[in-house]
Amino acid sequence: MAHAELSFGSSSFGSSGLSATRDKKAVEFENALEEFFITTGRTKTDNAEAIADDYYQRAVNGELEFMEDMFFTDYIESERLYVVANSIPPERIDDEIAIIKQNTSFLNPDGEKDTGAIGVRVDFENGHYYSVQVYVG
1 MAHAELSFGS
11 SSFGSSGLSA
21 TRDKKAVEFE
31 NALEEFFITT
41 GRTKTDNAEA
51 IADDYYQRAV
61 NGELEFMEDM
71 FFTDYIESER
81 LYVVANSIPP
91 ERIDDEIAII
101 KQNTSFLNPD
111 GEKDTGAIGV
121 RVDFENGHYY
131 SVQVYVG
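Using full-length UniProt numbering, the letters of the sequence shown map in sequence onto residues 1 to 137.
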């Protein structure tokens, strides 16, 4: 796999530029994921968001191979980049939202923090919710 496409510089086409008519559950899940990662100490960046958008589009286009039709990971050591993507059936999205919100509530705000950048993209297409989380650093 060629990795040159992963260097986006300071591109600014993150989730903030998406249509205002996005699926409400997708927005809720994306916001909950971002809150979790920011609470752990990670920083949301345009570059990580651009990479998440790229992997999201690749997932929607059927270019990623999901294990058990649900889970994909990619690790690129030279870029210090870790990607997790999920294909979530609509009947599971409420459970996924509840789980990440519960996990966030368990975090100790005074605890040790992670470092690095985070990018998150969640949307509903092709009858599934696609969630992509990118960790850089």
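Glycine included, every Cβ here is placed at the ideal spot set by N, Cα and C.
Start and end residues, alpha helix (DSSP H) containing T39: As a position in the sequence shown, residue 39 is number 39, starting the count at 1. T39: member of the alpha helix (DSSP H) spanning 24-39, first to last residue.
Backbone CA spacing between I88 and F37 [nearest angstrom]: Against the sequence shown, residue 88 aligns to sequence position 88. Against the sequence shown, residue 37 aligns to sequence position 37. So the two alpha carbons sit approximately 20 angstroms from each other.
In chain order, what residues of the same chain have a beta carbon less than 7 angstroms from the beta carbon of K101, not counting five sequence neighbours either side? For the purposes of this step, residue 101 is taken as the residue at position 101 of the sequence shown. Excluding residues within five positions, the ones whose Cβ falls inside 7 angstroms are A32.
Would DSSP call T45 helix, strand or coil? Looking up residue 45 in the sequence shown gives position 45. Here DSSP, grouped into helix, strand and coil, assigns T45 to coil.
Do you know whose CA, among G137, D110, Y130, lies nearest K25's CA? Here residue 25 refers to the residue found at position 25 of the sequence shown. When each option's Cα is compared against that of K25, the closest is Y130.
Within a Cβ cutoff of 8 angstroms, which residues of the same chain sit near D69, ignoring the five residues on either side of it in sequence? For the purposes of this step, residue 69 is identified with residue 69 of the sequence shown, where counting begins at 1. So the list reads S87, once near-sequence residues are dropped.
What's the call for E49, buried or exposed, on a 16-neighbour Cβ count within 10 Å? Numbered from its first residue, the sequence shown carries residue 49 at position 49. Buried: at least 16 other Cβ atoms inside 10 Å.
Around the C-beta of N47, are 16 or more other C-beta atoms found within 10 angstroms, so that it is buried, or is it exposed? Locating residue 47 in the sequence shown gives position 47, where the first residue counts as 1. With 16 or more other Cβ atoms within 10 Å, it is buried.
Backbone CA spacing between R42 and Y55 [nearest angstrom]: Numbered from 1 along the sequence shown, position 42 holds the residue referred to as residue 42. Numbered from 1 along the sequence shown, position 55 holds the residue referred to as residue 55. Between R42 and Y55, the C-alpha separation is close to 19 angstroms.
In this structure, does DSSP put D110 in helix, strand or coil? The residue you call residue 110 lines up with position 110 of the sequence shown. Correct three-state label for D110: coil.
On a Cα-Cα basis, can you pick out the residue from P109, A85, K44 that is closest to M67? Position 67 of the sequence shown, counted from the start, is the residue given in the question as residue 67. Closest by alpha carbon: A85.
L107 to K113 span [Cα, whole Å]: In the sequence shown, counting from the first residue as 1, residue 107 sits at position 107. In the sequence shown, counting from the first residue as 1, residue 113 sits at position 113. If I take the Cα positions, the gap works out to 10 angstroms.
Exposed or buried, what is E96 when buried is set at 16 or more other beta-carbons lying within 10 Å of its beta-carbon? For the purposes of this step, residue 96 is taken as residue 96 along the sequence shown, with counting starting at 1. Answer is buried; the Cβ neighbour count reaches 16.
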